[in-house]
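Here the structure comes first, spelled out in structure tokens, and everything after it is commentary.
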Amino acid sequence: MQLIQNKNLGYNRDNIIHFANDGNVGAEETSFINDVKNIPGVVNATNMEGDLVGNHSGGGGINWPGKTKGIEFGGTYCDFDFPETMGLQMKEGRSFSRSFPTDTSGVIFNETAIKMMGLKNPVGTQVQLWGLKQHIIGVVKDFNYESVYNKVGPFFISYWKNRSNIVVKIKAGTQKQTLASLEALYKKYNPGLPFDYVFMDDDYRALYVSEQRVAVLSRYFAGIAIIISCLGLFGLAAFTAQKRQKEISIRKIIGASVNNIAIMLSADFLKLVLLAVLVAFPLAWWAMHAWLQGFAYRINIGAGIFIVAGGLIIGITILTISYQAIRAAMANPVKSLKTE
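Residue numbers for the sequence shown, in this note's numbering: 731 to 1070.
Structure below.
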């Protein structure tokens, strides 16, 4: 879960909101976006089709020189400034620019798409997107446009104005006042309509709600299991000490020290705990390894986590039973034997 939250997705989702271009916002989108950019606290603004958490366009209707096989592409349509707003990194060529009028028929592909298409010098190559002639102006570095359950696939970014979502990058620390200004502007264009926006961070977290829930419940249940186990060990240690009271007394009389007796009692429990560890650890590794296979990007379960867990288990066991073991070892043997 830490990997999911901290993974470099290839774009910057921090402080980015998106909202639908309903009503007059869609009808006067260019004017609206220009007004948005003039709001203090707005870093950049653009539009796009869908989002970057799995809701995107795509298909197999793309043709290019030397095509020998069909490829299913993901993709989005956007206005100028989309790569800049999202913090996408260009590998070759450039982004869409108002300085180049032909960019309205330009398209950008990601690294994976170019590799699968087999294009060695992609910039300037003529392609067709569903029969529409376009030319490649740049190659963007791979970025995650779906859940990390899936590997990055071939993806295109095509210029097309008036798409479904307005995307706004807000300067960190100015969210409250900037959002208030955005709402006022939105209602100026769309009187009476609510300003419903979503942070891209929230979109991303929503992909893993069930995993987060499992992580939280696992911590609670693990804690409960440890407490119950400790209570059971404590009770069993007390019962064993009471049952072996005569043996302990005789050992003390013939010269056994408190440490010797405490170690003797503790060793019996540690043997059982070590046996449980030998059974549980392979099963735990198998279960977690199988679960992680569902993610395209995942951590590796090394030996370190089991060494640490094993050490903690032994430590908790010793702390739990030491009180009863030492108490039994320090008891007066004369009283114990007299009682017997």
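Note that CB positions come from ideal geometry on N, CA and C, so glycine has one too.
- Rounded to a whole number of angstroms, what is the C-alpha to C-alpha distance between G790 and F925? 36 angstroms
- Query: Roughly how many whole angstroms lie between the Cα atoms of G1034 and G1041?
  - Reply: 11 angstroms
- Item | Counted within 10 angstroms of its Cβ, other Cβ atoms place A936 as buried (16 or more) or exposed | The residue is exposed, with fewer than 16 neighbouring Cβ atoms inside 10 Å.
- Message: Measuring straight from C-alpha to C-alpha, what distance separates P1012 and K881?
- Response: Approximately 28 angstroms, taken between the alpha carbons.
- Relative to the C-alpha of N738, which residue among Q819, F810 and Q858 is closest? Checked all of Q819, F810 and Q858; the closest Cα to N738 is Q819.
- Query: Taking the alpha helix (DSSP H) that N785 falls in, what are its first and last residues?
  - Reply: If you look at N785, you'll find it isn't in any alpha helix (DSSP H); DSSP assigns it neither H nor E.
- Message: Rounded to whole angstroms, what is the Cα-Cα separation between N990 and A1055?
- Response: 10 angstroms
- Rounded to a whole number of angstroms, what is the C-alpha to C-alpha distance between G800 and K845? 14 angstroms
- What are the start and end residues of each continuous beta strand (DSSP E) run of 3 or more residues lying completely inside the stretch 917-945, in chain order? Entirely contained in the stretch 917-945, not one beta strand (DSSP E) run reaches 3 residues.
- Around the C-beta of M731, are 16 or more other C-beta atoms found within 10 angstroms, so that it is buried, or is it exposed? Classification of M731: exposed, given that the 10 Å Cβ count is below 16.
- Message: Going by beta-carbon coordinates alone, are C808 and I887 separated by less than 8 angstroms?
- Response: yes
- Message: Is it buried or exposed, I900, if we count other Cβ atoms within 10 angstroms and call 16 or more buried?
- Response: buried
- Message: If distances are taken between C-alpha atoms only, which option among L909, E758, T1047 and Q864 comes closest to K1001?
- Response: T1047
- Which residues DSSP lists as bridging Q864, in chain order: V857
- Task: Starting from the Cα of G805, find the closest Cα among T798, T815, N785 and K797 and give me that residue.
- Result: N785
- Give the single residue among H865, Y927, T904 and V870 whose Cα lies nearest to the Cα of S894. Y927
- Task: State buried or exposed for V837, treating a residue as buried only when at least 16 other CB atoms are found within 10 Å of its CB.
- Result: buried
- Query: What's the gap between the Cα of N1030 and the Cα of N736?
  - Reply: 16 angstroms
- Message: Determine, for M847, whether the minimum Cβ-Cβ distance to residues of chain C falls below 8 angstroms.
- Response: Given the protein chain composition of this structure (a single chain), no chain C is represented.
- Could you give the C-beta distance for A923 and D765, rounded to a whole number, given that I count them as a contact under 8 angstroms? Note that residue 923 corresponds to Leu in the displayed sequence, not to Ala. With 8 angstroms as the limit, L923 and D765 do not qualify as a contact, their Cβ atoms being about 16 angstroms apart.
- Message: With a threshold of 6 angstroms on Cβ separation, who are the neighbours of M847 within its own chain once the five nearest residues in sequence on each side are excluded?
- Response: W794
- Message: For L733, which residues in the same chain have their Cβ closer than 6 angstroms to its Cβ, ignoring the five residues on either side in sequence?
- Response: I1029
- Which of helix, strand or coil DSSP assigns to Y879: DSSP places Y879 in coil when its eight states are reduced to three.
- Query: Ordered along the chain, which non-local residues of its own chain (more than five positions away) have a Cβ less than 6 angstroms from that of M994?
  - Reply: none
- A1026 (DSSP reduced to helix, strand or coil): A1026 sits in coil when the DSSP states are folded into three classes, being neither helix nor strand.
- Which residues in the same chain have their Cβ closer than 6 angstroms to the Cβ of G992, if we skip the five residues on either side of it in sequence? Note on residue identity: the sequence assigns Ala, not Gly, to residue 992. Counting only Cβ-Cβ distances below 6 angstroms, and skipping sequence neighbours, we find A1055, I1056 and A1059.
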